[in-house]
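Chains S and U, in that order, give the protein sequences. Residues in the first sequence are numbered from 1 upward in steps of one, following my numbering. Residues in the second sequence are numbered from 1 upward in steps of one, following my numbering. Backbone N, C-alpha and C fix where the C-beta goes; we use that ideal spot for every residue, glycine too. Some notes on the structure that comes next.
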Amino acid sequence: MEQKSMSRRKLLKLMGLGAAATTLAACQPEVVEKVVTKEVEKVVKETVEVEIEKEVETEVTRVVGEEPVEISGEIIWDTFRGVGTGWNEERISTFEEQHPDMTVEFRPLAGASQQENYAKMYAMQAAGDLGDVIAFDPSHYHFWRAIESDIIAPLDEFASAEPDGFFDQWYEWFIEIQYYQGELYGLPSWGWSGPDCMVTNKYDFDQAGIELPEPTSHDTSMDQIAEWAHELYEEGGEHFGLGLGYGEGQIVVLCRAFNGFFLNEEGTECLILEDEGAQEAFRWIYDMAVEDQILPRPGELDFEPALTAGKLSMYNQGSLHVRNWRDIIEDQEIEDRAEAWQILYPEREDGRYPSQLRGGTWNVHQGTEYPQASWEFVKHLSNTEGILGFNLYGGNYSTVRPDVMDILVARDPIHEWFLDSLENGIPARAPANSRGREYTDAISQWITIMMDPEEGMEFEEGLDMVQEEIQAVLDMPMPS
Amino acid sequence: MKRQNLYGYLCLAPWLIGFFGLFLGPSLASLYFSFTEYAVITPPRPVGLANYVKMFTRDRQFWASMRRTFYYAGVSVPLGILGSLSIAILLNQKVRGLGVYRTLFFVPSLVPIVASAVLWTWLLNADFGVLNQFLRGIGISDPPGWFSSRKWAIPSLILMNLWQSAGGTRMIIFLAALQGIPNSLYDAAFVDGANPWQRTRHVTLPLLTPAIFFNLILGIIGALQVFTAAFVATGGGPGFATWFYGLHIYKEAFDYWNMGYASALAWFFAVVIITLTLIQQRLSERWVFYYGA
């Protein structure tokens with residue numbers, strides 16, 4: 001996930017938003033309503049200033065089930081998300097205000113990487129010291145394993161006590177991934193639509209006299225993108241039209257852009273030898289990488305800085321990266337030679353938009369003494385204010401709630417570019433054996449070999465190799 | 001006397017605690033884990049020799065990572081020893097500002113390896129790295145991709161290692177050894193008509209062999225354990241090019257949570273290193289000369 005920074009002023013402003021909104025949340029009805037509430041208008045106007053004026057027009061699905069329930073006790077929250085941003089503290093103080101008999105101890109996990117923090121949590125579990133509220137994310141492949149290992153608890157008992165329509169607060173798919181074998185194990189935390197576009201410097205296209213479609217258009221064909229890649233390439237690699245990343249998400253979405261799938265729905269088979277769309281995607285990449293050699297070799301360019309430096313015109317990532325790059329352009333004041341744009345992949349034959357919806361979760365530890373209180377806190381983290389703060393100053397990216405997207409769009413219209421994939425995207429598929437890390441490593445490493453022009457590998461030979469290696473990972477047993 | 005013993009053990013306690021608690025205990029535990037399936041969150045489940053069988057029969061990166069590691073060690077150790085020895089000989093001359101030179105050569109070894117890896121990823125960046133800028137400047141239009149090239153990634157790590165280690169403790173050991181050679185031997189050789197090369201060949205080198213042997217042993221052990229530089233600079237890529245054995249163990253243990261299997265990999269490699277060291281020890285009888293022994 002991307003990390004964002006925010007000024008102290010903004011942080012304080014938004015903490016105010018959280019506090020005010022939480023106070024208002026206490027007065028909310030227990031049913032889902034799609035209304036334009038005065039409360040929302042008031043909160044927004046008071047705390048986010050002029051740019052938010054538009055929000056008062058926004059129809060918002062209000063948080064439901066926020067009536068304070070009688071809970072008491074002490075819970076521990078172990079997380080590496082939001083640490084150092086003030087978001088965690090804000091969530092705790094507003095929760096404790098709502099529930100005066102509750103205290104929440106925040107224990108930040110400070111590993112060097114997300115994976116290291118999962119390692120810490122597993123070690124804490126082994127030592128019997130894991131907190132009450134934790135997170136083992138599905139899109140980091142730890143969710144199912146944590147369930148199988150009896151670390152996180154099913155939450156249906158609590159969810160069933162919530163009012164009808166409770167789950168409508170979030171985009172459907174981000175709720176779907178909270179389920180395993182029919183049982184609910186969490187509520188959404190971060191989430192996005194994955195590498196659903198070409199992050200593009202429109203300036204280069206303007207200079208070349210190429211007219212780009214609107215950033216929300218799905219009318220650009222993959223052949224057209226390849227043609228532009230050739231057109232913008234300068235001999236000797238002085239300038240690249242296109243850079244392709246071979247990470248799992250990027251490869252999976254490219255296969256989807258050709259109406260194919262990389263992995264079957266069950267997560268047991270790599271489809272690149274039998275799925276025509278996937279093969280077409282690989283051929284599309286291979287032709288440019290190995291045959292025509294118009295792509296930078298893996299690692300040769302850091303794509304985002306190269307885009308900023310004017311050495312690259314587009315690369316495959318997500319709408320999120322377009323927004324972040326737009327911010328870089330503004331920060332560096334290079335508007336005279338850079339304009340952030342996105343080229344969305346073409347709509348698939350099945351009507352879906354090529355993307356890879358991925359998301360995280362907040363979970364309750366199976367061993368907690370306070371399951372009800374932990375559930376209430378999880379709800380608090382995943383409510384409108386929680387997710388909004390998580391986005392705006394919590395250092396994480398979370399497009400899991402339509403109401404938050406409404407607010408984000410009102411704040412910055414570029415967020416409209418995200419909506420298509422969120423509403424009509426395609427969920428991520430995960431290896432059934434929970435061998436996520438082996439799977440993603442295998443994809444990036446073996447495809448790098450196949451697409452390395454120095455290797456001189458034939459297309460069919462490369463495809464066979466990738467298939468065989470990925471399938472070998474998928475055939476492994478689930479870790480016990 | 002008993003009181004004295006008590007004090008003795010008290011003074012020894014920090015070391016004993018460290019040895020048993022942080023070395024012997026975990027080592028023995030990992031030996032046990034190597035015969036189990038162990039994912040940390042659940043208790044280990046004995047599987048006999050299955051991990052060792054998997055290593056030789058089903059792990060696609062086992063031999064490949066071993067081969068890469070030996071390639072790295074096979075090039076970096078001789079070059080490193082040669083480099084350190086050369087620097088030590090230079091720094092053993094009587095020239096003005098010797099202290100400054102010695103310090104300057106030693107400084108890179110003080111740089112933390114992570115910082116050094118980050119520094120070198122910038123220096124060797126294919127696009128804007130200093131080295132490639134220079135190479136383009138002298139007319140080489142398509143310089144190597146260094147860390148981004150499967151062919152050049154290991155040589156890049158070797159280069160980085162040489163920069164960091166050539167002037168370090170290995171050089172200090174050579175320098176100390178050089179300064180420990182009695183002048184009387186050089187004088188005698190001079191009187192016998194030996195020229196500078198002959199003095200080096202027949203006096204300096206034989207008397208340096210214990211230091212060379214020591215550095216060789218430590219160098220090989222260190223090089224075979226190569227991990228941090230690859231972990232930071234390349235993450236094992238591109239396309240497994242720098243996926244060394246140490247990185248493979250780490251990945252299996254802490255990324256894939258196959259702690260039992262990772263333990264087996266580690267123990268097998270420990271046996272390989274011990275065997276290599278014993279072979280070197282045995283061979284040293286043929287070429288290492290202990291003056292005065």
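| Query | Result |
| --- | --- |
| U/S149 in three-state terms, based on DSSP | coil |
| Counted within 10 angstroms of its Cβ, other Cβ atoms place U/K94 as buried (16 or more) or exposed | exposed |
| Any chain U beta carbon closer than 7 angstroms to S/R429 | no |
| DSSP-derived helix/strand/coil call for U/A73 | helix |
| Chain S contact for U/A39 (CB, 7 angstroms cutoff) | yes |
| Residue from U/T169, U/A153 and U/M160 whose Cα sits closest to the Cα of U/F244 | U/A153 |
| Chain U within 7 angstroms of S/G122, Cβ atoms only | This sequence places Tyr at residue 122 of chain S; Gly is not what is there. Closer than 7 angstroms: yes. |
| Buried versus exposed, by CB contacts within 10 Å (16 or more), S/V43 | Low confidence applies here, because S/V43 scores a pLDDT of 35, under 50, leaving its location unreliable and the question unanswered by this model. |
| Any chain S beta carbon closer than 7 angstroms to U/S30 | no |
| Per-residue burial, U/R170 [other beta carbons within 10 Å of its own, 16 or more giving buried] | buried |
| Residue-level contact to chain U via CB, S/I449, 7 angstroms cutoff | yes |
| Exposed unless 16 or more other CB atoms sit within 10 angstroms - verdict on S/H380 | buried |
| Residue interval of the alpha helix (DSSP H) (run including S/P188) | No alpha helix (DSSP H) contains S/P188, which is instead part of the beta strand (DSSP E) from L187 to W192. |
| Contacting positions in the segment 239-270 of chain U - beta carbon closer than 8 angstroms to chain S | G239, F240, W243, K251, F254, D255, Y256, W257 and N258 |
| Against chain U: residues of the segment 151-167 of chain S by CB proximity under 8 angstroms | I151 |
| Closer than 7 angstroms to chain S by CB, U/A126 | yes |
| Contact set between S/D452 and chain U, taken where Cβ atoms lie within less than 8 angstroms | R150, P238 and G239 |
| Chain S within 7 angstroms of U/T42, Cβ atoms only | yes |
| Beta-carbon spacing of S/T79, S/A135 below 7 angstroms | yes |
| Sub-7 angstroms separation of U/T234 and U/F128 beta-carbons | no |
| Rounded C-alpha distance that separates S/T368 from S/Y353 | 41 angstroms |
| Span of the beta strand (DSSP E), counted from its first residue to its last, around S/R358 | R358 to V364 |
| 7 angstroms Cβ shell around U/A223 - same chain, five flanking residues per side excluded | Y72, A73, S76 and V77 |
| Contacting residues, own chain, Cβ-Cβ under 8 angstroms from S/E496 (five flanking each side not counted) | Residue 496 of chain S lies beyond the residue range present for chain S, which begins at 1 and ends at 480; the question has no answer from this structure. |
| Buried/exposed call for S/G299, threshold 16 Cβ in 10 Å | buried |
| Opening and closing residue of the alpha helix (DSSP H) in which U/I217 lies | L205 to L224 |
| Own chain partners of S/T200 with C-beta closer than 8 angstroms, once the 5 adjacent residues on each side are dropped | L212, S313, M314, V322, A340, W341, Q342 and I343 |
| Within 8 angstroms of chain U by C-beta, residues of the segment 316-349 of chain S in sequence order | none |
| S/G241, DSSP secondary structure in three states | strand |
| Residue range of the unbroken beta strand (DSSP E) whose run includes U/N92 | Here U/N92 belongs to no beta strand (DSSP E), and DSSP marks it neither H nor E. |
| Candidates U/L218, U/L91 and U/Y38: closest to S/A126 by CA position | U/Y38 |
| Cβ contact (3+ pairs, closer than 8 angstroms) linking the segment 411-430 of chain S and the segment 112-131 of chain S | no |
| Cβ-based contacts, 8 angstroms cut-off: residues of the segment 130-164 of chain U near chain S | S141, D142, G145, F147, S148, S149, R150 and K151 |
| Between the CA atoms of S/G386 and S/V36 - distance to the nearest angstrom | Low per-residue confidence applies at S/V36: pLDDT is 34, beneath 50, and the placement is therefore not dependable enough to give any value. |
| Exposed unless 16 or more other CB atoms sit within 10 angstroms - verdict on S/R437 | buried |
| Those residues which DSSP pairs with S/Q342 across a bridge | S/V199 |
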